[in-house]
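Counted the way numbering that gives the first Met the number 0 counts, the sequence shown spans residues 0 to 300.
Virtual Cβ for every residue (Gly too), placed ideally from N, Cα, C.
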Amino acid sequence: MLTSIRGLTAASLFVTTALISAPALASEIAVEAETTVINTSDIVTSDVVVDIADIDVNAVMPELTAQEVVRISQDVNFEKESKVGGESGLELSGNVALVSDYRFRGVSFSDGDIALQGGIDLGHSSGFYVGTWASTISGGSAFGELELDVYGGWSGDVAEGLTFDVGLLYYIYPTGDIPGVDTDYFEPYASISTTLGPVSATLGAAYAWDQDSLGNSDNIYVYTDFEVGIPDTPVSLSAHLGYTDGVFSTDTDGTSFDWGLGASYAVTDSLSLGVNYVDTQGPSFEDFTDAGFFFTLSYSM
Numbered sequence: 000m001l002t003s004i005r006g007l008t009a010a011s012l013f014v015t016t017a018l019i020s021a022p023a024l025a026s027e028i029a030v031e032a033e034t035t036v037i038n039t040s041d042i043v044t045s046d047v048v049v050d051i052a053d054i055d056v057n058a059v060m061p062e063l064t065a066q067e068v069v070r071i072s073q074d075v076n077f078e079k080e081s082k083v084g085g086e087s088g089l090e091l092s093g094n095v096a097l098v099s100d101y102r103f104r105g106v107s108f109s110d111g112d113i114a115l116q117g118g119i120d121l122g123h124s125s126g127f128y129v130g131t132w133a134s135t136i137s138g139g140s141a142f143g144e145l146e147l148d149v150y151g152g153w154s155g156d157v158a159e160g161l162t163f164d165v166g167l168l169y170y171i172y173p174t175g176d177i178p179g180v181d182t183d184y185f186e187p188y189a190s191i192s193t194t195l196g197p198v199s200a201t202l203g204a205a206y207a208w209d210q211d212s213l214g215n216s217d218n219i220y221v222y223t224d225f226e227v228g229i230p231d232t233p234v235s236l237s238a239h240l241g242y243t244d245g246v247f248s249t250d251t252d253g254t255s256f257d258w259g260l261g262a263s264y265a266v267t268d269s270l271s272l273g274v275n276y277v278d279t280q281g282p283s284f285e286d287f288t289d290a291g292f293f294f295t296l297s298y299s300m
């Protein structure tokens with residue numbers, strides 16, 4: 000039986016103004032004088048300062064309406080304009096990935112085959128967020144060919160250098176086609192993150208209580224993740240260690256460890272390539288719990 004938990008991974012408006020250059024005004028402005036005639040060939044040119052308030056805009060740009068004139072002359076508050084769409088405190092982000100094998104907690108959910116994954120998250124400046132994530136799977140008749148995760152929670156700083164994340168995940172397998180078989184289940188989670196010098200570290204736990212889809216059994220999963228970037232390179236390294244006690248264990252005694260080492264290369268700010276070595280405790284079954292190297296191509300938006 001296939002089950003999983005997803006690790007939760009939270010538009011600038013540029014305003015430009017056009018400067019309007021007015022041509023020489025000698026041919027546009029009639030100069031009234033009683034007896035004086037000015038010969039333009041006798042004028043010695045010099046720097047002239049023109050007060051914009053003294054210019055008849057209708058004479059220089061007669062095709063503009065009064066509303067357009069106001070729009071051109073209005074000052075632009077760059078700080079305010081740059082926050083258009085962000086004043087509500089909401090931020091939308093997304094991600095897509097192509098993986099050589101969908102592995103989590105050391106177990107394959109795609110039967111050793113390539114999987115397509117992606118998600119969308121909506122976060123608020125208060126720290127609250129909701130999101131959804133999906134992956135193609137090879138779950139057989141009961142679980143079908145798709146896993147859909149829906150989640151919500153809160154993430155924020157609880158002390159200097161400490162970030163707390165807590166929420167609830169709901170796992171849905173909408174393409175299963177065995178009548179009367181319950182496969183969907185809930186799993187709350189919590190984690191705390193900090194930095195240890197150049198290393199970012201996370202300690203987390205997820206607990207699935209007794210549910211029909213779990214055979215009226217429960218499961219607890221405790222894990223820790225580490226990540227460090229190599230200075231002056233686009234490469235980062237990661238390590239993972241997890242412990243399962245319950246129905247999701249891969250060992251016969253009901254408890255098991257899983258672990259992994261990885262490296263990622265940032266091609267751009269949004270595109271990255273990754274490779275991970277994954278293994279788990281217990282019997283090794285090909286394309287299910289056997290150890291191996293797995294690759295990821297991901298893009299974030």
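Residue j beta carbon less than 8 angstroms from that of residue i
{"i": "tyrosine 276", "j": "phenylalanine 292", "result": "yes"}
{"i": "tyrosine 242", "j": "serine 212", "result": "no"}
{"i": "serine 263", "j": "serine 235", "result": "yes"}
{"i": "alanine 133", "j": "glycine 117", "result": "yes"}
{"i": "valine 198", "j": "tyrosine 169", "result": "no"}
{"i": "glycine 175", "j": "glycine 155", "result": "no"}
{"i": "glycine 196", "j": "tyrosine 222", "result": "no"}
{"i": "serine 311", "j": "asparagine 94", "result": "Because the chain here runs from 0 to 300, residue 311 falls outside it and cannot be looked at."}
{"i": "histidine 123", "j": "glycine 152", "result": "no"}
{"i": "isoleucine 219", "j": "aspartate 244", "result": "yes"}
Cβ neighbours of residue i in the same chain (closer than 6 angstroms, five flanking residues each side left out)
{"i": "leucine 121", "result": "Leu91 and Val129"}
{"i": "phenylalanine 256", "result": "Tyr242 and Gln280"}
{"i": "serine 192", "result": "Thr162 and Thr201"}
{"i": "phenylalanine 287", "result": "Ser107"}
{"i": "leucine 260", "result": "Ala238 and Tyr276"}
{"i": "leucine 210", "result": "Checking the sequence shown, residue 210 turns out to be glutamine, not leucine. Within the same chain, glutamine 210 has close Cβ partners Tyr184."}
{"i": "isoleucine 37", "result": "Reliability fails at isoleucine 37, whose pLDDT of 47 lies under 50, so the model's placement of it is uncertain and the value that follows must be treated cautiously. Here the set comprises nothing."}
{"i": "serine 299", "result": "Asn94 and Ser269"}
{"i": "valine 157", "result": "Phe163"}
Same chain only: Cβ atoms within 8 angstroms of residue i, ignoring 5 sequence neighbours per side
{"i": "isoleucine 113", "result": "Leu97, Val98, Ser99 and Asp100"}
{"i": "glycine 214", "result": "Val246"}
{"i": "threonine 194", "result": "Gly160 and Ala200"}
{"i": "tryptophan 208", "result": "Phe185 and Asp217"}
{"i": "alanine 141", "result": "Met0, Tyr172, Gly175, Ile177, Val180 and Thr182"}
{"i": "proline 233", "result": "Tyr264, Ala265 and Val266"}
Nearest-angstrom Cβ-Cβ length linking residue i and residue j, presumed shorter than 8 angstroms
{"i": "asparagine 165", "j": "alanine 189", "result": "Correcting the residue identity first, residue 165 is valine in this sequence and not asparagine. Yes, valine 165 and alanine 189 are in contact; Cβ-Cβ is about 4 angstroms, under 8 angstroms."}
{"i": "glutamate 146", "j": "phenylalanine 103", "result": "Glutamate 146 to phenylalanine 103, Cβ: 10 angstroms. No contact."}
{"i": "aspartate 231", "j": "glycine 105", "result": "Going by Cβ atoms, the distance from aspartate 231 to glycine 105 rounds to 33 angstroms, so no, they are not a contact pair."}
{"i": "tyrosine 206", "j": "proline 187", "result": "6 angstroms"}
{"i": "isoleucine 119", "j": "threonine 131", "result": "6 angstroms"}
According to DSSP, residues forming a beta bridge with residue i
{"i": "tyrosine 128", "result": "Gly122 and Gly152"}
{"i": "isoleucine 219", "result": "Tyr206 and Asp244"}
{"i": "alanine 238", "result": "Phe225 and Leu260"}
{"i": "phenylalanine 292", "result": "Tyr276"}
{"i": "alanine 114", "result": "Val98"}
{"i": "alanine 265", "result": "Ser271"}
{"i": "leucine 91", "result": "Leu121"}
{"i": "serine 297", "result": "Ala96 and Ser271"}
{"i": "serine 107", "result": "Arg102"}
{"i": "serine 140", "result": "BP columns for serine 140 are empty, so no partner."}
{"i": "serine 134", "result": "Gln116 and Glu146"}
Spatial neighbours of residue i in its chain, beta-carbon cut-off 7 angstroms, leaving aside the 5 residues before and after
{"i": "aspartate 250", "result": "Gln280 and Gly281"}
{"i": "aspartate 289", "result": "Ser283"}
{"i": "serine 248", "result": "Thr254 and Ser255"}
Residue-level contact to chain C via CB, residue i, 8 angstroms cutoff
{"i": "threonine 201", "result": "Looking for chain C here will not work: only one protein chain is present."}
Exercise for the section: Scan the segment 144 to 203 and note each continuous beta strand (DSSP E) run of 3 residues or more that stays entirely inside, going in chain order. Expected result: 145 to 158, 161 to 171 and 184 to 195
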